Amino acid sequence: MNKLFFSFFSLLFIANSYSQKDSLQLGDRYADDQLYMAITYAQFSNQPSTITRSRFSYAFSTGFLKDIILNKKGNFSFALGVGYGFDFFNHELKVSEINNTTVFDTSENSSSNIFRAHNLEFPLEIRWRTSTAKKYDFWRIYTGVKFLYNFSNTFSNTENSINLKYTNVAAYRKLQYGLTFSTGYTEFNAYLFYSLTPLFENATIQGEDINTQIIKFGLIFYIL
1077 MNKLFFSFFS LLFIANSYSQ KDSLQLGDRY ADDQLYMAIT YAQFSNQPST ITRSRFSYAF
1137 STGFLKDIIL NKKGNFSFAL GVGYGFDFFN HELKVSEINN TTVFDTSENS SSNIFRAHNL
1197 EFPLEIRWRT STAKKYDFWR IYTGVKFLYN FSNTFSNTEN SINLKYTNVA AYRKLQYGLT
1257 FSTGYTEFNA YLFYSLTPLF ENATIQGEDI NTQIIKFGLI FYIL
């Protein structure tokens, strides 16, 4: 049902956008309300010294941005939105939950160590583009900040054929934010997200603070 609703909403919005654009004339004020979808390669940064690497990881996000134009020409605007994001990390930081206390260790002896997160996204962007009311193919530079609210996180580990899973661990930071930057032509754009908040609160490993953050880079698609 959720997939059906999302598909219907997407088609309705796209059809409405095109019908509005067709009625515009050059010089008219206009807004680029958009659906977005980002597919990115993801990595942890600022890892503790005992954590030497992370394996292949990725992230996906999608949502809607409302465009608020700031000048008559319409090529400079502010946008705010809401969306959903999924993170998948194959990493070396072992996370366990014991008596409502989060415990951190290395996963040297683990055959699998996976972290998954589901987030609500709230992006805010300042936008510049070369578009007009009747020109749909254009260059763009969008930059801003994205707030994330985590509503589900799961850390799973396999060691000596024993599978362990911990959901919504106590030390995981629910509210996070980071800088965003995207640039490109028409629908295809390079995208970067750089987290400004550590994933965990009051977290240490072998006496060292854990300030792990997330970096994502890849492609973002904007659909008018």
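Just so we're aligned: 1235 in my numbering is position 159 of the sequence shown, and the numbers increase by one with no gaps anywhere.
Virtual Cβ for every residue (Gly too), placed ideally from N, Cα, C.
As the structure is a prediction and not an experimental result, all values here were calculated from the model.
Could you tell me whether the Cβ atoms of Gln1070 and Ile1299 are closer together than 8 Å? Outside the modelled stretch of the chain, which goes from 1077 to 1300, sits residue 1070, for which no answer is possible.
DSSP three-state call for Ile1127: helix, strand or coil? Against the sequence shown, residue 1127 aligns to sequence position 51. It is coil, neither helix nor strand.
Contact belief for Gly1254 with Glu1197 at Cβ below 8 Å, rounded distance in angstroms: Locating residue 1254 in the sequence shown gives position 178, where the first residue counts as 1. Locating residue 1197 in the sequence shown gives position 121, where the first residue counts as 1. Contact doesn't hold; Cβ gap of about 11 Å is too wide.
Contact check, Leu1169 vs Thr1288 under 8 Å by CB: the rounded distance? As a position in the sequence shown, residue 1169 is number 93, starting the count at 1. As a position in the sequence shown, residue 1288 is number 212, starting the count at 1. Yes, they are in contact, since the Cβ atoms of Leu1169 and Thr1288 sit about 7 Å apart, within 8 Å.
Tell me whether Leu1272 sits in a helix, a strand or coil according to DSSP, three-state version. In the sequence shown, the residue the question calls residue 1272 occupies position 196. Here Leu1272 sits in coil by DSSP.
In the DSSP output, what is His1194 paired with across the bridge? Reading the sequence shown from its first residue, position 118 is the one you call residue 1194. Phe1162, Ser1228.
Taking the straight line between their C-alpha atoms, what separation do you get for Tyr1306 and Gly1161? Given that the chain is displayed from residue 1077 to residue 1300, the structure contains no residue 1306 and the question cannot be resolved.
Assuming Lys1241 and Ser1228 make a contact with CB atoms under 8 Å, what is their CB distance in whole Å? The residue you call residue 1241 lines up with position 165 of the sequence shown. The residue you call residue 1228 lines up with position 152 of the sequence shown. Between Ser1228 and Lys1241 the Cβ distance is about 12 Å, and since that is not below 8 Å, they are no contact.
Just curious, the beta strand (DSSP E) that Lys1170 is in, first and last residue? By one-based count along the sequence shown, residue 1170 stands at place 94. Segment 1169 to 1174, the beta strand (DSSP E) holding Lys1170.
Per DSSP, which one or two residues make a beta bridge with Asn1236? By 1-based counting over the sequence shown, the position of residue 1236 is 160. Answer is none; Asn1236 lacks a bridge partner.
Under a three-way DSSP split, which group does Leu1146 fall into? Residue numbering aside, residue 1146 sits at position 70 when the sequence shown is read from its first letter. Looking at Leu1146 - three-state DSSP - the assignment turns out to be coil, as it is neither helix nor strand.
By the three-class DSSP mapping on this structure, what secondary structure does Gly1220 have? Counting from one through the sequence shown, the residue named residue 1220 turns up at place 144. Three-state result, Gly1220: strand.
Going by CA-CA distance only, name the one from Asn1265, Ser1271, Ser1207, Thr1128 that's closest to Gly1150. For the purposes of this step, residue 1150 is identified with residue 74 of the sequence shown, where counting begins at 1. Ranked by Cα distance from Gly1150, the options Asn1265, Ser1271, Ser1207, Thr1128 are led by Ser1207.
CA-CA distance, Ile1115 and Glu1263? Taking the first residue of the sequence shown as 1, we reach residue 1115 at position 39. Taking the first residue of the sequence shown as 1, we reach residue 1263 at position 187. Computed Cα separation, rounded: 13 Å.
Say whether chain B places a C-beta atom closer than 8 Å to the C-beta of Arg1205. You won't find chain B in this structure, because it holds only one protein chain.
State the beta-bridge partners of Glu1201 as determined by DSSP. The residue you call residue 1201 lines up with position 125 of the sequence shown. Answer is Ala1155, Gly1220, bridged to Glu1201.
State the Cα-Cα distance for the pair Asn1078 and Ala1279, rounded to the nearest angstrom. Here residue 1078 refers to the residue found at position 2 of the sequence shown. Here residue 1279 refers to the residue found at position 203 of the sequence shown. Low local confidence applies: a pLDDT of 47 at Asn1078 is under 50, so the model's placement there is unreliable, and no value is given.
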